[in-house]
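Peer 1:
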Amino acid sequence: MKFIQTFIDRPVATTLLTIGIALAGSIGFKLLPVASLPQVDFPTISISASVSGASPETMAATVATPLERALGRIAGITEMTSASSLGSTRITLQFDLSRDINGAARDVQAAINAARSLLPSSLTGNPTYRKVNPSETPILVLAMTSNTVSKGAMYDAATSILAQKITQLDGVGDVTVGGGALPAVRVELDPAKLNSRGIPLEKVRTAIASTNVNQAKGFVEDDGRHWQVMANDQAMTAKEYLPLIISYHNGAPVRLADVGEAVDSVVDVRNSASSNGQPAILLTITRQPGANIIETVDHIRAMLPSLQASVPKGVTLGVAVDRSVMIRTSVHDVEFSLMLSIALVIMVVFVFLRDFRATLIPAVAVPVSLIGTFAVMYIAGYSLNNLTLMALTIATGFVVDDAIVVMENISRHIEKGVPRFKAAILGAKEVGFTVISMSISLVAVFIPILLMGGVVGRLFREFAITLSVAIGMSLVVSLSTTPMMCARVLRAQHVPAKPGSWSARIKGMLDRLMAGYGRTLTWALRHSLVMMGILAVTVALNVYLYIIIPKGFFPQQDNGLILGNIQADQSISFQAMKIKMDRVAAILREDPAVQTVTTSSERGNVASLNISLKPFAERKMSVDAVIGRLRVQVAHVAGVQVFMRPSQDLRVGARGGNGLYQFTIQADHLTDLRVWDPKIRLALSQLPELSDLNADSQDKGLQTTLVLDRDKIASLGLTVAEVDATLYDAFGQRQVSTLYKPLNQYKVVMELAPEYWQDPTALQKINVITAGGAKIPLSAIARYEPTNTALAVNHQGQFVATTMSFNLSPGVSLSQASAAINKTMADLGVPTSIQGGFQGTAKVFEESLRNQPLLILAALVAIYIVLGMLYESYIHPITIISTLPSAGVGALLALMACGIEFSVISLIGVLLLVGIVKKNAIMMIDCALEIERREGIDAKSAIFKACLQRFRPIMMTTLAALLGALPLAIGLGAGSELRRPLGMAIVGGLVFSQVLTLYTTPVVYLYFDRFRAWSASLRRAPVLTPAPAVSPS
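With the first letter of the sequence shown counted as 1, position 699 gets the number 1400 in this note's numbering; the numbers rise by one all the way through.
#1: Tell me which residues share the same chain as Pro944 and place their Cβ nearer than 8 Å to its Cβ, disregarding the 5 neighbours each side in the sequence.
#2: Is Ser942 helix, strand or coil by DSSP?
#3: If I follow the unbroken beta strand (DSSP E) through Ile1105, where does it start and stop?
#4: How close, in whole Å, do the beta carbons of Ala1431 and Glu1452 come, if the pair is a contact with beta carbons under 8 Å?
#5: Let me know if Phe1057 comes out buried or exposed under the rule of 16 or more other beta-carbons within 10 Å of its beta-carbon.
#6: Buried or exposed: Asp1412, going by 16 or more other Cβ atoms within 10 Å of its Cβ?
#7: For the beta strand (DSSP E) that Tyr830 lies in, which residues bound it at each end?
#8: With burial defined as no fewer than 16 other Cβ atoms inside 10 Å of the residue's Cβ, what is the status of His1370: buried or exposed?
#9: Pairing CB atoms from the segment 1078-1098 with CB atoms from the segment 724-744, are three or more of them under 8 Å?
#10: By how many angstroms is the C-alpha of Val1705 removed from the C-alpha of Met1739?
#11: Can you give the Cα-Cα distance for Val1190 and Ser1583, rounded to whole angstroms?
#12: Within 10 angstroms of the Cβ of Gly1418, are there 16 or more other Cβ atoms? Answer buried if so, exposed if not.
#13: Taking the alpha helix (DSSP H) that Lys1544 falls in, what are its first and last residues?
#14: Do Pro1063 and Ala1092 have their C-beta atoms within less than 8 Å of each other?
#15: Do Leu1385 and Leu1394 have their CB atoms nearer than 8 Å?
#16: Between the alpha carbons of Leu1669 and Ala1171, how many angstroms are there, rounded?
#17: Counting only runs that start and end within the segment 1450-1504, where is the alpha helix (DSSP H) found for 4 or more residues in a row?
#18: Please confirm whether Val1101 and Val1050 have their CB atoms less than 8 Å apart.
#19: Sort out for me which residues DSSP pairs Pro660 with in a bridge.
#20: Does the contact criterion of 3 or more C-beta pairs under 8 Å hold for the segment 761-780 versus the segment 742-753?
#21: Spell out a yes or no on whether the segment 1002-1020 and the segment 895-904 are touching, meaning 3 or more CB-CB pairs, one atom from each, closer than 8 Å.
#22: To which residues does DSSP link Phe1344 through a beta bridge?
#23: Is there contact here, the segment 1305-1325 with the segment 1258-1274, by at least three beta-carbon pairs under 8 Å?
#24: Are Lys1619 and Ile1581 closer than 8 Å when you measure CB to CB?
#25: Report back the beta-carbon spacing between Pro1703 and Met1625 to the nearest angstrom; my notes put them in contact at under 8 Å.
#26: Excluding the 5 residues flanking Ser1042 on each side, which residues of the same chain have their C-beta closer than 6 Å to its C-beta?
#27: Considering only C-alpha positions, which residue in the set Tyr1700, Val735, Phe743 is nearest to Arg1227?
#28: Rounded to the nearest angstrom, what separates Ala1686 and Phe1693 at their Cα positions?
#29: Using a Cβ distance threshold of 8 Å, determine whether the segment 1506-1520 contacts the segment 1240-1247, with at least three qualifying pairs required.
#30: Quick check on DSSP: helix, strand or coil for Arg988?
#31: Taking DSSP as the reference, what is the three-state secondary structure of Ser753?
#32: So, Ile947 versus Val1449, is the Cβ gap smaller than 8 Å?
#33: Report the residue from Leu863, Leu1236, Met845 whose alpha carbon sits nearest the alpha carbon of Ser976.
#34: Determine the burial state of Gly1158: buried for a count of at least 16 other Cβ atoms within 10 Å of its Cβ, exposed for fewer.
#35: Taking Cβ positions, are Ala806 and Ser785 nearer each other than 8 Å?
#36: Is the Cβ-Cβ distance between Thr1183 and Ala1294 less than 8 Å?
As structure tokens, this is what we get:
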């Protein structure tokens, strides 16, 4: 430890080193991005394909299945799901976390190319793919509203202008526009007028496509000039289509106006969104990986006046959802907890040392250690988030420990009359090895976390490394800055406190506390068997409490945002669904806790819902309480179910749902699924542990099936393809032409007039025209049968599947819910052709639950190995580890008493306790070994003397760690539900362990010392050789 004297001898260099650490950390702090949680990128690729008008079953059979077979051969896929709905299929591939997303994208493109020949020719373009991150939630949602401008014009401005400008800002990842569609010319035909003139729909389609073109036309030039050739070959507005000649009847031209109308509308009229009751176009903005959410949102908000000027007059552009508000508040509250922890820790030092000058030393050491950590965080590419700031808050109690141990030992020598400079050198060298041992063994706790894979490993890697760096910074400062300041700041001579002063009263109280500890320690050493029995009970109690404590994955957060779905009958029309959606939104807006409500609906019977709540200080209710109240209010809306769940920063899995957790039933055959899906759903719906149970299977949609007479069709000179084409032209919203403009491309859509496609009997008015001009009614070649159809077909790993989403009933943990579901599946006797399994967060929870005991065991093994190497002993590490059972009992009891689940956050708290509590044993054992070597006394006297000598620093470090975690345990402010489990586990474990380890550690030390002496005596015992045998005479 000679290097310590170098720092003491060179105060200028040591001071500049300290300033350099603080300066580098301050710069790093300014440059660090801000986020809610560490960035966890799930390599995910979404593939989309569309066939306008195709049924979900057709999309699943002709598009999803061929693509899934090709994509399923790609290496590294952990989950493949697909959802086929009317006219579209979306396949989501989730890869192993170690898979390179760019390499996966190349493999996906190759698989799409390989499957292209198997896909239908009517496919609207090639399947497209994009890289997505399902865990990334939008940071901002903008709403465009207007009472005068059409939604088509607003959507056009949003996609052509606003989205392009926003995506160019630093930090913006993607901008998705919803709630409307691009402008289009819609040609609405009257089948009666077409039939009377014998004009087939195909002829109208061909006329529109051939009349509206945009092709190269060349140029002309003479010797001196050049002319470009242009023509008005595009009809850009609806009125330009009305004079279009589509055919001739009795020698007279038949124009489009004679058989229908052309209107300026949108490409898809079955699209709607609203913001606070007004029709709206929504721009959903996500950030780039690693971008600073706060800065990105600020840049977008600063750009809003410029964006407002870019849209048509009469359009209002406003903020509907802003996630940065809660992130700002949460990060600010964690920063406040950090500052409060620093203040409490310094107060502990002042109370024990009762000297302002001595208190100044940790007041410098603690902030420098924490600030210096920011520099390493920036270099490592980390962010300021709830977990890293929690790590620094907890580190406050750790980093002060090293300074306390060094300073307290130096102060003890000064109190004995040793000169200040010599006391600094002597005191720092004496405990230098102790400080290094404590720091290295504490970092060893995090080795299993750093080596963990999966979501938990990625999520807590920043936490573990940040805390480890802070401990490393503390070690550097405690062996350099702290002894240097002690040599120059501490009083040269110990000044006794004046009788009656507050300092004397505190000293008297601490002296009485130490005297009481000495008496009780004497009793404990005398009754060592009783103490060993208590230690054995705590070990057994740990196992029992761990088994019975309710367990969860990640604490549910209150982010001030509620996500939900409005679900109606499967046969509901878009128009009726929009009325119900608006009704629900109107009721929700009346709640005093609600700030904004945005809704959006496309085809189908489901509408999405976003509810932004007022700040917590204004609503005075948790998000769960608000959801409970809103459920009662919307329950009176007939014909709909409203599902709501609090938005969470951590989202796992590619498949969403109406609840926070998902359970998937997968079958080898569709018939098996249709038999067992209702049975399983009914059984699960009766479980009291679950609420809001809902399945994504929708197979009760209405369908009109045309049973074609193939013989009659053939006899009339028709084909089935011609019949299908006629139906598609009539009811498929067929895009028949494209309009090219400078900023975008727009479509011409052909269909029957709305009064026909809104009436199922319109099928009877459709004629199929033969090549000879004969008009054949559909009723002559087919009969109609009303049937049911699927509104969506879902696959999981290429097999048909149903995913049931659910929330937890009040007071129920995820472990209890998953156990109930598994028991129900077992009781039902589900056949092997049906497989059930958890998805998303619930799946990761089950995996982490299996790994928790191994993680704790790995931490203990890592500590044992490190301590064994430091002490060159197999026995002393066991003595130190024997302090840990009491900490586990305290943590588990505290969590159960407060009704907090044992989540991964609580697990991290227990692992931190392993590092904190063993510090006390290290200080005791180091001192006892030193006393034995220096004074030559027996082990019992040495450990007794060491416990009393280290009682003050043990109390100081324990109280510092306890008070450092107290602001987290109290859980004040936004995001407190994330911090409380960590703080409560540490506080409960420290309180319980402090009472026991002060007595059990000396007893265990003595038992192992006796064992060591006994084993040594066996090695020294002489080997007795048998006497030679006496031969008989």
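Each residue gets a CB set at the ideal place from its N, CA and C atoms; glycine is no exception. These numbers were taken from a predicted model, which means no experiment stands behind them.
Peer 2: Working from what's here:
#1: Locating residue 944 in the sequence shown gives position 243, where the first residue counts as 1. Correct list, in chain order: Arg956, Leu957, Ala958.
#2: By one-based count along the sequence shown, residue 942 stands at place 241. In the sequence under discussion, the amino acid at residue 942 is Tyr, which differs from the Ser named in the question. Tyr942: coil per DSSP, three-state reduction.
#3: Counting from one through the sequence shown, the residue named residue 1105 turns up at place 404. Element bounds for Ile1105: not the beta strand (DSSP E) but the alpha helix (DSSP H), 1087-1116.
#4: For the purposes of this step, residue 1431 is taken as the residue at position 730 of the sequence shown. For the purposes of this step, residue 1452 is taken as the residue at position 751 of the sequence shown. That belief holds up - the Cβ atoms of Ala1431 and Glu1452 are roughly 7 Å apart, short of 8 Å.
#5: Numbered from 1 along the sequence shown, position 356 holds the residue referred to as residue 1057. So Phe1057 counts as exposed.
#6: Residue mapping note: residue 1412 aligns to position 711 of the sequence shown, counting from 1. Exposed: under 16 other Cβ atoms inside 10 Å.
#7: Walking along the sequence shown from the start, residue 830 turns up at place 129. Tyr830 -> beta strand (DSSP E) spans 829-833.
#8: Looking up residue 1370 in the sequence shown gives position 669. By the neighbour-count rule (16 or more Cβ atoms within 10 Å), His1370 is not buried but exposed.
#9: yes
#10: Summary: the structure shown does not reach residue 1739, with the chain confined to residues 702 through 1734, and so no result is reported for it.
#11: Taking the sequence shown and counting its residues from 1, the one referred to as residue 1190 is at position 489. Taking the sequence shown and counting its residues from 1, the one referred to as residue 1583 is at position 882. The straight-line gap from Cα to Cα measures roughly 38 Å.
#12: The count along the sequence shown starts at 1 and reaches residue 1418 at position 717. Label assigned to Gly1418: exposed.
#13: Looking up residue 1544 in the sequence shown gives position 843. That run of the alpha helix (DSSP H) goes 1541-1572.
#14: Locating residue 1063 in the sequence shown gives position 362, counting from the first residue. Locating residue 1092 in the sequence shown gives position 391, counting from the first residue. Going by C-beta atoms, Pro1063 is not nearer than 8 Å to Ala1092.
#15: The count along the sequence shown starts at 1 and reaches residue 1385 at position 684. The count along the sequence shown starts at 1 and reaches residue 1394 at position 693. Judged by their CB atoms, Leu1385 and Leu1394 are nearer to each other than the 8 Å cut-off.
#16: The residue labelled residue 1669 in the question sits at position 968 within the sequence shown. The residue labelled residue 1171 in the question sits at position 470 within the sequence shown. In a straight line, the C-alpha of Leu1669 is about 18 Å away from that of Ala1171.
#17: 1455-1458, 1479-1482
#18: Start at 1 with the first residue of the sequence shown, and residue 1101 comes out as number 400. Start at 1 with the first residue of the sequence shown, and residue 1050 comes out as number 349. It is a contact, given that the beta carbons lie within the stated cut-off.
#19: The requested residue 660 is not part of the displayed model; the chain covers only 702 to 1734.
#20: yes
#21: no
#22: For the purposes of this step, residue 1344 is identified with residue 643 of the sequence shown, where counting begins at 1. Beta-bridge pairing by DSSP links Phe1344 to Asn1266.
#23: yes
#24: In the sequence shown, counting from the first residue as 1, residue 1619 sits at position 918. In the sequence shown, counting from the first residue as 1, residue 1581 sits at position 880. It is a contact, given that the beta carbons lie within the stated cut-off.
#25: Residue 1703 sits at position 1002 when you count from the first residue of the sequence shown. Residue 1625 sits at position 924 when you count from the first residue of the sequence shown. That pair is a contact at about 7 Å.
#26: What you label residue 1042 is simply residue 341 of the sequence shown in a count that begins at 1. Here the set comprises Thr1094, Thr1097, Gly1665, Pro1668.
#27: Along the sequence shown, one-based indexing puts residue 1227 at 526. The shortest Cα separation from Arg1227 among Tyr1700, Val735, Phe743 belongs to Tyr1700.
#28: For the purposes of this step, residue 1686 is taken as the residue at position 985 of the sequence shown. For the purposes of this step, residue 1693 is taken as the residue at position 992 of the sequence shown. The straight-line gap from Cα to Cα measures roughly 11 Å.
#29: no
#30: The sequence position of residue 988 within the sequence shown is 287, counting from 1. Three-state DSSP puts Arg988 in a strand.
#31: The residue labelled residue 753 in the question sits at position 52 within the sequence shown. Note: Ser753 maps to coil in three-state DSSP.
#32: Position 246 of the sequence shown holds residue 947. Position 748 of the sequence shown holds residue 1449. No, Cβ-Cβ distance for Ile947 and Val1449 is not below 8 Å.
#33: Reading the sequence shown from its first residue, position 275 is the one you call residue 976. The candidate whose alpha carbon is nearest that of Ser976 is Met845.
#34: For the purposes of this step, residue 1158 is identified with residue 457 of the sequence shown, where counting begins at 1. So Gly1158 ends up on the buried side.
#35: Your numbering for residue 806 matches position 105 in the sequence shown. Your numbering for residue 785 matches position 84 in the sequence shown. No; because the gap between Cβ atoms is not below 8 Å, this pair is not in contact.
#36: Taking the first residue of the sequence shown as position 1, residue 1183 is located at position 482. Taking the first residue of the sequence shown as position 1, residue 1294 is located at position 593. Taking 8 Å as the Cβ cut-off, Thr1183 and Ala1294 do not qualify as a contacting pair.
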